[in-house]
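Reading the sequence shown from the start, the letters are residues -6 to 436 in my numbering. Virtual Cβ for every residue (Gly too), placed ideally from N, Cα, C. On a predicted model such as this, the values are computed, not experimentally measured, just so you know. Structure first, then comments.
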Amino acid sequence: MVLVRDSFHSRIGFVLAAAGSAIGLGNIWGFPTNAANNGGGAFLFVYLIVTLLLALPALYAEIYIGNQAQKNPVSALGDACKERMPRFGRFAGKAGLCGAIMMLSFYTIVAGWMLSHALSAVSHLAGFVDLSTWLATDSTIRNIIFTPIFIVLGAAIIHQGVHAGIEKWSARLMPILLMMLIGLIVYILQQDGAIDGLRQYLIPDFSQVTNPKLVISAMGQAFFSLSIGVGGMMVYGSYMQKDKDIGKLVLSIGALDTFIAFLAGLLIIPALFVAQAAGQQVFAGGNLIGEGQLIFQILPALFESMGTIGLIVATGFFSLLSIAALTSTISSTEVPVSYLVEEKDMSRRNATWLISGIVLTASMVLVAFFDVLFGVVIQVLTTIMQPLSCLFYFLVVGWIWNRGNKLNDKARWEKDTKLKLWGNYLRFVCPVLLTVVFVNVAF
Ligand code: PHE
């Protein structure tokens, strides 16, 4: 029996879901923190360049592989490598699947923090001050409660399917996220000190632009932010009708993702300067004092100093982060779920709960050995697994996969010079550029 695959029902549905995957904690927390630590405007400038030169082509390759195969990432990479190295293709797909679970293991913990901070502000507003303090204070028990809540929220969307779950919820949540973000920016920019932050963020200090640390941070940030290298974008690409103009779609996803990161910078960097103007210590020796402190201490202290309005702003801010995290979580969860449904004949419901159980176990291991494991898992995923997967995608579309691959089809190149240039760019320039950066990151 041939089952009809669930799919996105419109281009805009696909773009919103993919942008939902891309727009997450990486944009609203990671990007502004990195920008504040790496010379503000200079970081923004380099980020835009690496996104254009390397991250968007990688996103293109990932979506293209999934879209052509119309299958889950393990089979999609297996098909693309069929002629030369089918086993390795499937192996790489499974490695991506592990990457997705690794990503979920730490991401759901951090997302749980966002949820508990949102509830903290709400309970403060409702007059439960002790509960509010408990919710805003880091503790193992808080992780044990909020991580599963977050995993269940994601699972509840995923098990409804691609169209009824992922597409519908992305279309509902993404506009809310944008409105909240704009509302918060308008509010913060009216506070004392905000303009200094704006200046620091928007005027690049070009002497920083060639700093290797800055280039490497921008690269890692761009890959993480665009969700490349764990198969999430590949599986979304596979749910889109075949042969759509992927170039245009990738540009829209990249533009939305970068726009939201840019807006988050407009919110957070001025907010830091507002906090500073209000007497808090925010910078030490030109650097922010600790990444976690930015979101969980400096901003909450700022919100608190604003009285009731501040609590409302805090609720908005942490709900914004929770929503952004939720739409990113579902794309990573869909990677192993699609594999189990298509290759192991499991029902979507069972696959969703099985994967959620695995993610929960992995995240609880991280909670139990937090100091040893948390940072290492993030490091391994973002500096090793994501860049290596991307390199592999470039090699697949540029070299390994021939039959049926328009990027490697010399006969089509004769008629289409743009395709030829693009194919050669992915084939030669991207792997070399990526290797150069990777070697710098790893060693
Ligand atoms: N892009 C997401 C963010 O910016 C994170 C993510 C990475 C999501 C990899 C899916 C896969 O937060």
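Heavy atom of the ligand PHE within 7 Å of residue i beta-carbon
i      : result
Val243 : no
Leu171 : no
Phe367 : no
Which of helix, strand or coil DSSP assigns to residue i
i       : result
Phe441  : Nothing can be reported for residue 441, as the shown portion of the chain is limited to -6 through 436.
Leu219  : coil
Lys237  : coil
Cys423  : helix
Val(-5) : Residue placement at Val(-5) is poorly supported in this model, since its pLDDT is 47, which falls under 50; the coordinates still yield a value, given next. Note: Val(-5) maps to coil in three-state DSSP.
Ser340  : coil
Cys74   : coil
Thr101  : helix
Ala119  : coil
Thr130  : coil
Asn398  : coil
Gln201  : helix
Asn65   : coil
Gly17   : coil
His152  : coil
Gln193  : helix
Tyr332  : helix
Gly186  : coil
Tyr57   : helix
Gly224  : coil
Tyr232  : coil
Gly416  : helix
Ile142  : helix
Whole-Å CB distance - residue i paired with residue j, under 8 Å assumed
i      : j      : result
Gly89  : Gly224 : 4 Å
Leu304 : Leu118 : 5 Å
Ala48  : Phe36  : Ala48 to Phe36, Cβ: 15 Å. No contact.
Met172 : Thr320 : Rounded, the Cβ-Cβ distance is 15 Å, inconsistent with contact.
Val389 : Ala73  : 5 Å
Ala187 : Phe310 : Wrong, their Cβ atoms sit about 15 Å apart, outside the cutoff.
Phe143 : Gly92  : About 19 Å; that fails the 8 Å criterion.
Asp185 : Ala270 : 5 Å
Ala85  : Leu70  : 5 Å
Met24  : Ser218 : Note on identity: in this sequence residue 24 is Phe, with Met being the wrong assignment. Sure, about 7 Å apart at Cβ, within 8 Å.
Ala114 : Ala317 : Not confirmed; about 17 Å, so no contact.
Thr345 : Val330 : 6 Å
Ala111 : Ser312 : 5 Å
Thr44  : Ala215 : 5 Å
Cβ of residue i within 8 Å of any chain B Cβ
i     : result
Ser14 : The displayed structure is made up of one protein chain only, and chain B is not part of it.
Item to check | Ranges of the alpha helix (DSSP H) found wholly within the stretch 250 to 329, counting only runs of at least 4 | outcome: 292 to 298
Checklist entry - Using the beta carbon as the reference atom, which residues fall closer than 6 Å to any heavy atom of the ligand PHE, ordered along the chain? => result Ser14, Ala15, Gly17, Leu18, Gly19, Asn20, Met96, Phe217, Ser218, Ser220, Val223, Gly225, Ser321, Ser324 and Ser325
Next on the checklist: Please give the ranges of any beta strand (DSSP E) in the stretch 350 to 391, keeping only runs that are unbroken, at least 3 residues long and fully inside the region.
Outcome noted: none
Item to check | Ranges of the alpha helix (DSSP H) found wholly within the stretch 19 to 47, counting only runs of at least 4 | outcome: You should have 24 to 30 and 34 to 43.
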